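If you want the working numbering, it's the 1-based position in the sequence shown plus 47. Where a beta carbon is used, it is the ideal one built from N, C-alpha and C, also for glycine. Since the model is a prediction, treat every value here as computed from it, not as a measurement.
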Amino acid sequence: MPRVKFQGHCLNCVFAIGKAVPEWEQILSSGAACQNLLIAANALGFSGQWITEWYAYDANVRSALAPGYR
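As structure tokens, then:
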């Protein structure tokens, strides 16, 4: 079998246009991602906590975590 000399790079792209993901599925997916982050932190010896009390809705906390948020 003869050797073939390539002249350039081959770019492979796959585009899939599908339906929009429902909002409920996006919410569940983000929750699962947060849980996985907490599990990973724990596995590395860190501690973490999921907070959904008043801290999540406090204007001072929001301005500290997301200064440009309106």
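Output the boundary residues of the alpha helix (DSSP H) element that contains residue i.
| i | result |
| --- | --- |
| residue 72 | 70-90 |
| residue 108 | 106-112 |
Rounded to the nearest angstrom, what separates residue i and residue j at their Cα positions?
| i | j | result |
| --- | --- | --- |
| residue 102 | residue 64 | 39 angstroms |
| residue 109 | residue 88 | 23 angstroms |
| residue 60 | residue 68 | 22 angstroms |
| residue 90 | residue 62 | 36 angstroms |
| residue 117 | residue 106 | 10 angstroms |
| residue 75 | residue 114 | 26 angstroms |
Return yes when the Cβ of residue j is within less than 8 angstroms of the Cβ of residue i, no when it is not.
| i | j | result |
| --- | --- | --- |
| residue 85 | residue 92 | no |
Can you round the beta-carbon distance between residue i and residue j to whole angstroms, since I take them to be within the 8 angstroms contact cut?
| i | j | result |
| --- | --- | --- |
| residue 81 | residue 71 | Not confirmed; about 16 angstroms, so no contact. |
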